[in-house]
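Engineer: Here's a structure for you.
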Amino acid sequence: MNSLVWMLAGLILMVVGGFASAFFGVRRSRYTRQIGAWSLAAGCAMAMIPSCQTLWSGVSVQLALPWPITLGTFHVGLDPLSAFFAIPICGLSFLGAFYGMEYLPSNSKATGFAWAGYNLLVASMLLVVLARQAILFLTAWEIMALASFFLVAFENERESVRRAAWLYLVAAHVSAAFVAALFFCLGHYTGSLDFDAWSGGSSLPSGIGTVIFFLALVGFGIKAGFWPFHIWLPEAHPAAPSHVSAVMSGVMIKTGIYGLVRVLTFFDTPPMSWGWTLVGIGITSGVLGVLYALAQSDLKRLLAYHSVENIGIIAIGLGLGCLGLSTGRSLLAFVGFAGGLLHVLNHAVFKGLLFLGAGSVLHATGIRNTNRLGGLLKAMPVTGRTFFIGSLAICGLPPLNGFVSEFLIYFGAYHGAVAFHSGLIVSCLAVVLGMALIGGLAAAAFTKAFGIVFLGEPRSREAAAAHEAGPAMRAAMTILAIFCPMIALLASSILQLMAPVLSTVLHVSAGVLTSQLEETVYFLNQIVMISLFFGMVAILLLLLRRSLPGAKNVESAVTWDCGYARPSARMQYTASSFAQPIKALFAFLLGSHSHLTPPRGILPQAIASFTSTAPDRVNERFYHPIFEAILKGLRRVRVLQHGEVQLYVLYVAMTLVALLIWCLR
Amino acid sequence: MGQTLLPILVALPFAAAVVCLLLPTSQSVLQFVRLGVLGLVFPFALAICKVLSHGPLEAAGQWLRMDALSAYHLAVMMLVFVGGSCFSPVYFRKDIEEDHFSISRARRFGSLWFGALGAMTLVLSSNNLGILWVGVEASTLLTAFLICIHRTPASLEAMWKYLIICSVGVAFAFMGTLLAGASASGRLPATEALLWTHMMEIAPRLDPMLIKAGFIFLLVGYGTKAGLAPMHSWLPDAHSQAPAPVSALFSGFLLNSAFYCVLRYIPIVETALGHSGWSLRLLVFFGLLSILVSSAFMVMQKDLKRLLAYSTVEHIGIMAVGVGLGSAGAAASLFHLLNHSLGKTLAFLSAGRVGQLAGTNEIARLGGLLRGSFVWGVGLFWALLILSGVAPFAVFFSELQTLKAAADQGSWWTMGLFLFGVGVVFLAILRHAIHLAWAPSNRDVSANSSSWLEKIVVLCPLALLFMLGIWMPESLQRVIREAAAIIVMGGRQ
Amino acid sequence: MISLSQTWMDGLLVMLMLTNLILLGASRLGHGIRLIAIQGALLGALPILGGQHGWTARMLFLAVITIGLKAVVFPWFLHRALRAGEARREDNPFVGHTASVLAGLVMLTVATCLSARLPTVGAGHSMLVMPVALFMILTGPFLITSRRKALSQILGYVVLENGMYAFGLVMLQDVPALVELGILLDAFVALFVMGAAVHQINREFDHMDADQLDSLKG
Amino acid sequence: MKLLSLIHPFLALLLAPLLLGVINRVKAVFAGRRGQPLLQAYYDIWKLLGKGAVYSRTTTWVFRAGPVIGLTAVISALMVLPFAGQSGVISFSCDFVVMAYLLGLARFFTIAAALDTGSSFEGMGASREAQFSALAEPALLLGLAALAVQSSSLSLSDIFTQLNLQAWMKVGPAILLVAAAMAVVLLAENSRIPVDDPNTHLELTMIHEVMVLDHGGPDFAYILYGAALKLWLFAALLVNVLMPVQASNVPVNFAVALTGMFVAAIGVGVVESIMARLRLLKVPQLLVGAAVLSTLALVLLLR
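As structure tokens, then:
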């Protein structure tokens, strides 16, 4: 039996289970969540097996079913590239489902619908990576947007959530519009809407390729969250339930990357300009993403902006890969794409983990504002530890997985920099600079996120009363946390598994990649060695520390506060104060607004206050004016309908006369 | 067979209209409307099946004729009428209880309802372009009084505007018909002039200048009735003031029947002008204009029914663009016609019921429709989403087909403007839909329950639209292809 | 060669044109209704005097019907509506009466120019048919647009109808009765329907100013 | 991997605290004092290792992990560093990225440990550390990029093998610029004047020292030792850049390199003695300046 049939059956199972869950939800049955979660888990498992098979064997399968709609055929396929994206989708959604079982309120009517939306979202994401025909792809793409729209609107009592949901679906729709334009443009020149007919896109007239690339960049970039198309992301991700945020941020935005990579596979040798554009967008997204993340005090918003940053890193990787293809440097191409794609996987793991952790915090305290949290590590040890590992990983610190993919990109950049190719060197050095800056700032952002939320003393009553998450939530986070060092240690084997993926992207047979693979695997092994050495030294030092004579001589006291005897939790540094110097330093990029009401007089009566916000510049300077201009234009048009029938008749008559004159002239 | 069937089809509704005038109570009129329309489905279905299986039917010395294009329109019309008729008793129940729906009003409603059905059947089944026009004129005059079943100042104003503007428009259409006839003068015997089939036969020899001028008159004239911008201005007023079933009828089919008249002329004009695409470009222009103009009014719209009315302008625009894009586009346009009629009927019926219960049509004062299990609220929300074009519902696919047609023609500007307009409409409708669905409101109607009949009226169109989205029957595709071929080249391959 | 019938026809058409211009300048509604009646009579005379094939029974019938309806029934009906309402004059039109006449001249020019581009159909017809018909077709909407009273708008509509009627009568004489039937049906029903509408509006609003019907907008 | 490569880590582990002594002695000489013994750092570490610990009740395991991981990371980073013409213990392409990120790991833990105390002073220090290191990172990696471009090779060991007298002849100014940038990074990363003052007693102005206020006993010994090793690491980088001796005689090489190390320490001492501490707001300018120097070096190299 074709393994795709198996996979599609999994998708159907998910969807049916989701709607069954909604059905039970309406009756407030206690089976609601079991049905939703277990059907999803089963479906994911069913989809996971063929994906792993394909990745393992490198053999792609295709399935074309008749689909009686006018432009469509139900053409699905599973090649290594699809499988590579399908695996994190299945895995993260699987864990998210179990997390969601405890996270969602157990017997509310909305819960059933949330499961329906969640299962539909997962199924449509899988269909997106499977689709091999434009109409099918667009349909899945739109269903994905619609399903997640309902999840974003889960807490629809709040005005801000409704706004976020609106913004999200509009962005998704604009993205779909660009993707549709892209597909139909390709369809116009190739006469087919099948992906198979598009590969080897060199038959396109010159210049059209670039148009197509830019359509893809915008269309898929909106979904992926490239700067400056990211504005929906920090609104929508915090609004959704946390396991959904994890899935949206961890894998859904990656479908945008998938689309972009898929479009790149249609072309043999991309022009240099594509690589430059991708690298430029990547660096901008990365640096601005992390800066805005740093300026946020809402934990989930912070994570959402970090998705922009990580998508930027992925884009840098893809950009380097493109540059490698354009200049014929196969090692650069290999490392660039490998780094970018591996970061896709890594980001799914640690961003999923971090969102789940943030969800646990939210679940336990009801607070998102980091300035009111603190000291949660004692109350929530598992959440705290896993969040800590996730933080290390997202900062790209060794010996965790984020480091491996960032290292590959660094390697690509340095490799390109020493190549003495004028088109390469500047962009590669920009990558080095950007990556270094991103790394440093990310560390600042996550020491802030972790340190302020989990360390120190609770800053509010809710935070003090926090409790650890339930077993399923803990299990989901723990599994993801284990993956972080695992992927790093198994990096070279994973890279070998990725070889068929890369050969799909680079248009070469897997055998050609051997030399690049060997070189990469060599230094990945060295990194593993350093990691092992690191672990050994750490254990040694720990043992030494234990065996020292004073080890048992431990006293407890209050924190040293320069002799101040009764420190209170409010004296601690807050998230905002931690980030303030960097915010001030990059004020020219962030454009944050602050509002200060200083205390007046010797005995100030009025309450002094200081507020500082960092609204998104792109929104303020770009989208808002455009929107206003459009609205202004539309308002002008509205004058047409002023209620006077005489003028209405005049429109009719004038149209007639104008047409007559124009046509009989 | 056709010799008797077609006249009967036209005559039956008028007979039913007369019957309505004789019924004793309001309730019985409404029941008769429901059962009568359901009963009429059978002869209509019979005719449609005949046409689709055996080719065109002709009657009355070729004055009446029904081919695939008209049969397809007829089917859509029946769907709209069935929906509206089933809904009428539900909608007017409250009026009857409050004594706002006297027997004379009920009789007037019933007879005009059937009269409109008859007039539109005449439009769809006539082969004579003059009769075609007579049908449109008759439907205009009959429906005018449907707007003000409830005689309020606002509804009278709406009716007056409808009458004045559409009369002017239809008058222009008449001039167009005359010019079209004049262009054939001397080339056809006088007794056969204005017969569509004959016109098609001699189309290459028609006078190009006269047929051009005639088409302009026709486009502006029928376009006024069809609601193409900038001649659409009567439309929001009439739709917002009419009772819900009537609004549904207006949006669901009355406009399309006028647009159908334009479609009839397209193959003639195009053949006469040597397939230069002149008339198609005009259609694309007006279609895009309609999309853009209506989007402007939807963004900041305050009234729910006006919002839906502008959405109709937009969708007529989409259909016009589609037809203007050649055969693939014409097929997309016809598919869109069906989808839009279904969706818009549902939207107007739901909006009517919601507005009736909440006592207001103002969007800002409505809200929370999805909180309870109020089936009309669900229907309204989904109808809005579907009309704005979300997947996997059929409207999404017909819009995609239109886009594809534009791309295949290489008319990138059309594609861009189309996407822009549809995008603006989307964000406007979505904003309103989200507000209606979840915003807190003191006029919460979501606690109301609904009967099983109401549930069916809501769920059937939704299910149908969903089904047409993911699975389109081969037979429907074939019908649409045939009908599109008639638009593009008068039915000859 | 200019035949007698053509001379007659030209004369009738010129008179139609003149009534039109006068109508544009008329401020009293009653006066306007009388002008419409005259136009109706002229139109009725068109098939009789302008016919090329001699007098047929059908033409006579047409003429009688036309004159009966357009010159007698409609004006009577409109007079009744006029008496029912308060207003007797079109006091303050959007476009003044003198300006309207000037606009009429412009429209006449436009109509002439446009019709020059269209081929004449049937050799025997007057060259004036097309310009006059177009002129009337333009005048009708102009009246509707520029006047405030609902009754004036009906007058404008009738002028529009008359224009097309003239065109139809001359150009398509041979086409079976269908077209004429259409015209009559249209004018007939339109007038009754609009008259009834005006009647209702009168009852509901106590005025007949169409320009005050502007509560629905946006 | 040559056995000779292993010499350097042992030298570093052994001699690193001595560098601190040298610096202090230089400062004392400048101040006209006799100063501490050269081996004071060893005494301190030994004494601290023998003591017990006092932990704040606010703290968690993160506080205790900080010093251990900090020290481990620096030791691991030493493994890739070439010294005296000998390649690093482990050497591969872009190993310096690993080095930089291991130091980043150490910093992450130090900052987290500081925040764990819940003290506002330590939070302040942590915030500054995060800011300054984020700016030092680009300067370091760009400087290394310049060296990589100069030598067309990607591992530290290869880079410094290529960096010989001929290279100095050819692109001396560029290398000098890189060295200057490295020196600034050295001062910043090791909390030296003009960025930070290790001897200050005003918590409000401190950066690194304030973060470890609450650490005591063996933990503080680890921190002290880690700091010494970190100084060694950066000094070794600087010496590698500035003193490209590659005599065939290994002992001579080591002797020269070690001399270089102590010269570097003296240099740090001199800078500390003759310069005042910068205002905190000016520090970013200094670090950005270092990045600019690296970029300039690159421009010169690519010219």
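Chains as they are written, first to last, in my numbering: chain A, 203 to 867; chain B, 1366 to 1858; chain C, 251 to 468; chain D, 44 to 346.
Beta carbons are placed, not taken as given, at the ideal position from N, Cα and C, and that holds for glycine.
1. Comparing alpha-carbon positions, which option in Asn358(A), Gly319(A) and Ala497(A) lies nearest Met346(A)?
2. Once the 5 residues before and after Gln1858(B) are set aside, which same chain residues still bring their CB inside 8 angstroms of it?
3. Closer than 6 angstroms: is that where the CB of Leu861(A) sits relative to any heavy atom of the ligand NAP?
4. Are any of the Cβ atoms in chain B nearer than 7 angstroms to that of Ala373(C)?
5. Report the CB separation of Leu466(A) from Cys524(A) in whole angstroms; it is logged as a contact under 8 angstroms.
6. Using the three-state DSSP reduction, which class does Ser1504(B) fall into: helix, strand or coil?
7. Nearest to Thr395(C) by CA position, among Gly290(C), Thr362(C), Pro325(C) and Val345(C), is which residue?
8. Bridge partners for Met1431(B) per DSSP, in chain order?
9. So, helix, strand or coil for Ser1550(B), using DSSP?
10. List the DSSP bridge partners of Ser694(A).
11. Out of Met1540(B), Pro1378(B), Ala1802(B) and Leu1768(B), point me to the one whose CA is closest to Met1780(B)'s CA.
12. Could you name the residues that DSSP lists as bridge partners for Ala759(A)?
13. Beta-carbon separation of Ile784(A) and Leu496(A) under 7 angstroms?
14. Can you pull the chain A residues whose beta carbon is under 8 angstroms from the beta carbon of Lys94(D), in chain order?
15. Among all the DSSP beta bridges, which residues are the ones paired with Ile732(A)?
16. Which residues does DSSP pair with Asn265(A) in a beta bridge?
17. With 16 other CB atoms within 10 Å as the buried threshold, where does Ala1313(B) fall?
18. Counting beta carbon pairs with one atom in the region 1400-1408 of chain B and one in the region 1443-1452 of chain B, are three or more of them shorter than 8 angstroms?
19. Restricting to runs no shorter than 4 residues, where is the alpha helix (DSSP H) found entirely within the region 304-343 of chain C?
20. Between Lys1670(B) and Gly1720(B), which are expected to be in contact by the criterion C-beta below 8 angstroms, what is the C-beta distance as a whole number of angstroms?
21. Answer yes if the region 243-259 of chain D comes into contact with the region 77-87 of chain D, meaning at least three C-beta pairs across the two stretches below 8 angstroms, and no otherwise.
22. For Ile1530(B), go through chain A and note every residue whose CB falls closer than 8 angstroms to its CB, in chain order.
23. Under a three-way DSSP split, which group does Asp239(D) fall into?
24. Which one of Asn1726(B), Ala1693(B), Ser1840(B) and Leu1827(B) has the shortest CA to CA distance from Val1861(B)?
25. Taking the alpha helix (DSSP H) that Ser778(A) falls in, what are its first and last residues?
26. Within a Cβ cutoff of 8 angstroms, which residues of the same chain sit near Val117(D), ignoring the five residues on either side of it in sequence?
27. In whole angstroms, what separates the C-alpha of Met386(C) from that of Asn1813(B)?
28. What number of angstroms, rounded off, separates the C-alpha of Ala264(D) from the C-alpha of Thr567(A)?
29. Counting only the same chain and skipping the five closest in sequence on each side, list residues whose C-beta sits under 7 angstroms from that of Pro601(A).
30. Output, in chain order, the set of chain B residues within a Cβ distance shorter than 9 angstroms of Leu332(C).
31. Tell me which same chain residues have a C-beta within less than 7 angstroms of the C-beta of Val274(A), skipping the five on either side of it?
32. Are Val186(A) and Ala1661(B) touching if we call contact CB-CB under 7 angstroms?
33. Since His826(A) is in the alpha helix (DSSP H), which residue starts that stretch and which ends it?
34. State the DSSP-derived secondary structure class of Leu1374(B), mapped to helix, strand or coil.
35. Residues in its own chain within less than 6 angstroms of Pro381(C) by CB, not counting five upstream and five downstream?
36. Can you give the Cα-Cα distance for Gly259(D) and Gly95(D), rounded to whole angstroms?
Structural biologist: In terms of the structure at hand:
1. As a working note, residue 346(A) is residue 144 in the first sequence. Selected option, being the one with the closest Cα: Gly319(A).
2. In the second sequence, the residue the question calls residue 1858(B) occupies position 493. With a pLDDT of only 45 at Gln1858(B), under the threshold of 50, the placement of this residue in the model should not be trusted; the figure read from the coordinates follows. So the list reads Ala1850, once near-sequence residues are dropped.
3. Within the structure as shown, the ligand NAP is missing, as the structure has no ligands at all.
4. Here the question's residue 373(C) lines up with position 123 in the third sequence. For Ala373(C), the predicted model reports a pLDDT of 48, less than 50, meaning its position is unreliable; a value from the coordinates is still stated below. Judged by the 7 angstroms Cβ criterion, Ala373(C) is not in contact with chain B.
5. The residue given as residue 466(A) occupies position 264 in the first sequence. The residue given as residue 524(A) occupies position 322 in the first sequence. Rounded, the Cβ-Cβ distance is 7 angstroms, consistent with contact.
6. Residue mapping note: residue 1504(B) aligns to position 139 of the second sequence, counting from 1. Note: Ser1504(B) maps to helix in three-state DSSP.
7. Residue mapping note: residue 395(C) aligns to position 145 of the third sequence, counting from 1. Of the listed residues, the one whose Cα sits closest to Thr395(C) is Val345(C).
8. Translated into the one-based positions of the second sequence, residue 1431(B) becomes position 66. Met1431(B) is bridged to Leu1422(B).
9. Position 185 of the second sequence holds residue 1550(B). Residue state, collapsed to three classes: strand.
10. Position 492 of the first sequence, counting from 1, holds the residue named residue 694(A). Looking at the DSSP assignment, Ser694(A) forms no beta bridge with any residue, so it has no partner.
11. One-based indexing of the second sequence puts residue 1780(B) at position 415. Measuring from the Cα of Met1780(B), the nearest candidate turns out to be Leu1768(B).
12. Translated into positions along the first sequence, residue 759(A) becomes position 557. Answer is Ser99(D).
13. Reading the first sequence from its first residue, position 582 is the one you call residue 784(A). Reading the first sequence from its first residue, position 294 is the one you call residue 496(A). Closer than 7 angstroms, so yes.
14. Translated into positions along the fourth sequence, residue 94(D) becomes position 51. Near Lys94(D) (Cβ distances below 8 angstroms), the residues of chain A are Gly752 and Asn755.
15. By one-based count along the first sequence, residue 732(A) stands at place 530. Answer by DSSP bridge pairing: none, since Ile732(A) is not bridged.
16. Walking along the first sequence from the start, residue 265(A) turns up at place 63. For clarity, residue 265(A) is Leu in the given sequence; the question names Asn instead. Beta-bridge pairing links Leu265(A) to Val278(A).
17. Given that chain B is displayed from residue 1366 to residue 1858, the structure contains no residue 1313(B) and the question cannot be resolved.
18. At 8 angstroms Cβ cutoff, the stretches touch.
19. 307-316 and 324-334
20. Translated into the one-based positions of the second sequence, residue 1670(B) becomes position 305. Translated into the one-based positions of the second sequence, residue 1720(B) becomes position 355. Right, their Cβ atoms sit about 7 angstroms apart.
21. no
22. Taking the second sequence and counting its residues from 1, one reaches residue 1530(B) at position 165. Those are Val847, Tyr850, Val851 and Val854, listed as they occur along chain A.
23. Here the question's residue 239(D) lines up with position 196 in the fourth sequence. Coil, per DSSP.
24. Residue 1861(B) lies beyond the stretch modelled for chain B, which goes from 1366 to 1858, so this question has no answer here.
25. The residue given as residue 778(A) occupies position 576 in the first sequence. Ser778(A) -> alpha helix (DSSP H) spans Ala777 to Leu787.
26. Residue mapping note: residue 117(D) aligns to position 74 of the fourth sequence, counting from 1. Counting only Cβ-Cβ distances below 8 angstroms, and skipping sequence neighbours, we find Leu145, Leu146, Ala149, Gly269, Leu272, Lys273 and Leu276.
27. Stepping through the third sequence from its first residue, residue 386(C) is reached at position 136. Stepping through the second sequence from its first residue, residue 1813(B) is reached at position 448. C-alpha separation (whole angstroms): 56 angstroms.
28. In the fourth sequence, residue 264(D) corresponds to position 221, counting from 1. In the first sequence, residue 567(A) corresponds to position 365, counting from 1. One C-alpha to the other measures close to 38 angstroms.
29. Within the first sequence, numbered from 1, the residue matching residue 601(A) stands at position 399. Correct list, in chain order: Pro687, Ala690, Ser733 and Phe736.
30. Along the third sequence, read from residue 1 onward, the residue named residue 332(C) stands at position 82. Within 9 angstroms Cβ-Cβ: nothing; Leu332(C) doesn't reach chain B, min ~17 angstroms.
31. Translated into positions along the first sequence, residue 274(A) becomes position 72. Sequence check: residue 274(A) is Gly here, not Val. Gln335, Ile337 and Leu338.
32. Not covered by the structure: residue 186(A). The range shown for chain A is 203 to 867.
33. On the first sequence, position 624 is the one that residue 826(A) refers to. Its alpha helix (DSSP H) spans residues His826 to Arg840.
34. Here residue 1374(B) is taken as the residue at index 9 of the second sequence, counted from 1. Three-state DSSP puts Leu1374(B) in a helix.
35. Indexing the third sequence from 1 puts residue 381(C) at position 131. If we look at Pro381(C) and ignore the five residues flanking it on each side, its Cβ neighbours are Ala361, Thr362 and Ser365.
36. Residue numbering aside, residue 259(D) sits at position 216 when the fourth sequence is read from its first letter. Residue numbering aside, residue 95(D) sits at position 52 when the fourth sequence is read from its first letter. Straight-line Cα distance between these residues: approximately 8 angstroms.
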